[in-house]
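A.B. asks: Take the sequence shown: its position 235, counted from the start at 1, is 267 in my numbering, and no numbers get skipped. Cβ coordinates follow ideal geometry from the N, Cα and C atoms, glycine included. Dumping the structure here so I can ask a few things about it.
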Amino acid sequence: MDFKDKVVVITGAARGIGRQIAFDFAKRGAKVALFDLDQEQLESTKKELADITECQAYPVDVTNAQQLADTIDKVIDNFSKIDILVNNAGITKDSLALRLSETDWDKVLEINLKGAFLTSKVVLKKMLKQRSGKIVNISSIIGIVGNPGQSNYSASKAGLIGLTKSLSKEVGPRGINVNAVAPGYIETKMTESLPDKVKEEMLKRISLKRFGSTENVASTVLFLSSELADYITGQVVVVDGGMI
Ligand code: NAP
Numbered sequence: 033m034d035f036k037d038k039v040v041v042i043t044g045a046a047r048g049i050g051r052q053i054a055f056d057f058a059k060r061g062a063k064v065a066l067f068d069l070d071q072e073q074l075e076s077t078k079k080e081l082a083d084i085t086e087c088q089a090y091p092v093d094v095t096n097a098q099q100l101a102d103t104i105d106k107v108i109d110n111f112s113k114i115d116i117l118v119n120n121a122g123i124t125k126d127s128l129a130l131r132l133s134e135t136d137w138d139k140v141l142e143i144n145l146k147g148a149f150l151t152s153k154v155v156l157k158k159m160l161k162q163r164s165g166k167i168v169n170i171s172s173i174i175g176i177v178g179n180p181g182q183s184n185y186s187a188s189k190a191g192l193i194g195l196t197k198s199l200s201k202e203v204g205p206r207g208i209n210v211n212a213v214a215p216g217y218i219e220t221k222m223t224e225s226l227p228d229k230v231k232e233e234m235l236k237r238i239s240l241k242r243f244g245s246t247e248n249v250a251s252t253v254l255f256l257s258s259e260l261a262d263y264i265t266g267q268v269v270v271v272d273g274g275m276i
């Protein structure tokens with residue numbers, strides 16, 4: 033897969049899966065625009081990437097429509113176009129539904145689902161003019177099968193699948209592909225705090241008997257963003273080692 037001269041925007045790119053996606057695109061020649069809240073981590077990721085490719089870091093909150101519009105304008109000023117968008121920014125605020133506060137429900141839905149909608153909306157305006165583009169949304173197997181204690185997260189990730197499918201139908205006629213990746217258990221900061229007992233139980237349910245790596249998710253995102261996947265749209269690719 034060659035992404036020479038392609039411009040990629042990745043949200044939540046400062047660390048974890050987003051950071052890995054940025055590196056893997058960079059290694060294959062893409063120019064990368066990193067979006068994240070965490071300015072310090074963003075700068076450190078940018079520094080590492082700058083040795084490999086042309087890269088810019090943009091502190092931006094994906095729930096802020098005006099900030100997104102201004103930032104996408106900056107990306108266009110800098111790179112002239114956007115070929116690929118990866119909606120990766122996401123959070124968890126876990127609690128059983130009866131104890132889950134309205135604030136934690138709203139926060140998770142706002143970042144994970146509305147954030148992807150708002151970012152896609154601004155980027156699509158540019159892609160529609162170009163009559164080409166690829167969008168990949170990072171969902172989760174929890175959005176497909178659910179999980180006790182994650183009703184907010186599960187609803188947001190199921191919502192992302194609905195968003196993916198509807199958008200793919202709206203923009204497909206203009207040559208834009210929209211797909212989702214649903215990772216299982218991937219070793220990142222998001223999962224490191226889970227109790228050992230929960231991790232052991234999960235491992236039992238994974239056919240391949242190991243947790244996933246950020247590389248496993250990134251390679252699927254790159255495939256869906258490449259010419260190899262030109263005839264794939266509206267799909268959800270599960271990357272979970274056989275867990276569901
Ligand atoms: P992570 O290490 O927590 O990274 C998420 C990144 O998103 C962080 O850098 C975070 O910045 C950023 N972010 C949070 N809110 C944001 C906002 N409003 N605007 C911009 N950036 C924001 O998580 P990860 O494990 O890499 O997960 C990445 C994606 O994969 C998420 O959507 C997650 O739901 C999904 N996923 C992960 C797993 C897994 O097992 N790890 C499994 C399935 C799906 P701050 O540090 O400043 O908050």
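1. At 3 residues or longer, and completely inside the region 190–219: list those beta strand (DSSP E) runs for me, N to C.
2. Which residue's Cα is closest to the Cα of residue 276: 57, 90, 55, 176?
3. So, is residue 230 buried or exposed, given that buried needs 16 or more other C-beta atoms within 10 angstroms?
4. Could you give the DSSP three-state label for residue 253: helix, strand or coil?
5. With C-beta atoms as the reference, is residue 68 less than 8 Å away from residue 97?
6. Could you tell me the alpha carbon to alpha carbon distance between residue 109 and residue 158, rounded to whole angstroms?
7. Less than 8 Å between the CB atoms is what I'm expecting for residue 124 and residue 217, so what's the real figure, rounded?
8. Short of 6 Å in beta carbon distance, which residues of its chain neighbour residue 47, apart from the five on each side in sequence? Order them along the chain.
9. What span of residues does the beta strand (DSSP E) with residue 117 cover, start to end?
10. Hey, how far is the Cα of residue 260 from the Cα of residue 252?
11. Residue 73: beta carbon under 7 Å from a heavy atom of the ligand NAP?
12. Enumerated in chain order, which unbroken segments of the beta strand (DSSP E) with a length of 3 residues or greater are wholly contained in the region 81–137?
13. Spatial neighbours of residue 250 within its chain, please: C-beta separation below 6 Å, excluding the five flanking residues on both sides.
14. Look at the alpha carbon of residue 150 and the alpha carbon of residue 241, and state the distance between them as a whole number of angstroms.
15. Within 7 Å: the Cβ of residue 67 and any heavy atom of the ligand NAP?
16. Please determine, among 246, 41, 267, the residue with the shortest C-alpha to C-alpha distance to residue 107.
17. State the Cα-Cα distance for the pair residue 104 and residue 178, rounded to the nearest angstrom.
18. Relative to the alpha-carbon of residue 161, which residue among 219, 188, 208 has its alpha-carbon at the smallest distance?
19. Using only the heavy atoms of the ligand NAP, determine whether one of them is closer than 7 Å to the beta carbon of residue 121.
20. Would residue 195 and residue 33 qualify as a contact pair, given that the criterion is a beta-carbon distance under 8 Å?
21. Measure the C-alpha to C-alpha separation of residue 228 and residue 268 and round it to an integer number of angstroms.
22. Can you round the beta-carbon distance between residue 79 and residue 66 to whole angstroms, since I take them to be within the 8 Å contact cut?
23. How many angstroms separate the CA atom of residue 200 from the CA atom of residue 36?
24. Considering only DSSP beta bridges, list what residue 271 is partnered with.
25. For residue 141 and residue 172, what's the separation of their Cα atoms in angstroms?
C.D. replies: According to the structure data:
1. 208–215
2. 176
3. exposed
4. helix
5. no
6. 12 Å
7. With a Cβ gap of about 13 Å, residue 124 and residue 217 do not count as contacting.
8. 73
9. 116–119
10. 11 Å
11. yes
12. 87–91, 116–119
13. 52, 53, 56
14. 37 Å
15. yes
16. 41
17. 34 Å
18. 208
19. yes
20. no
21. 29 Å
22. Rounded, the Cβ-Cβ distance is 11 Å, inconsistent with contact.
23. 25 Å
24. 215
25. 14 Å
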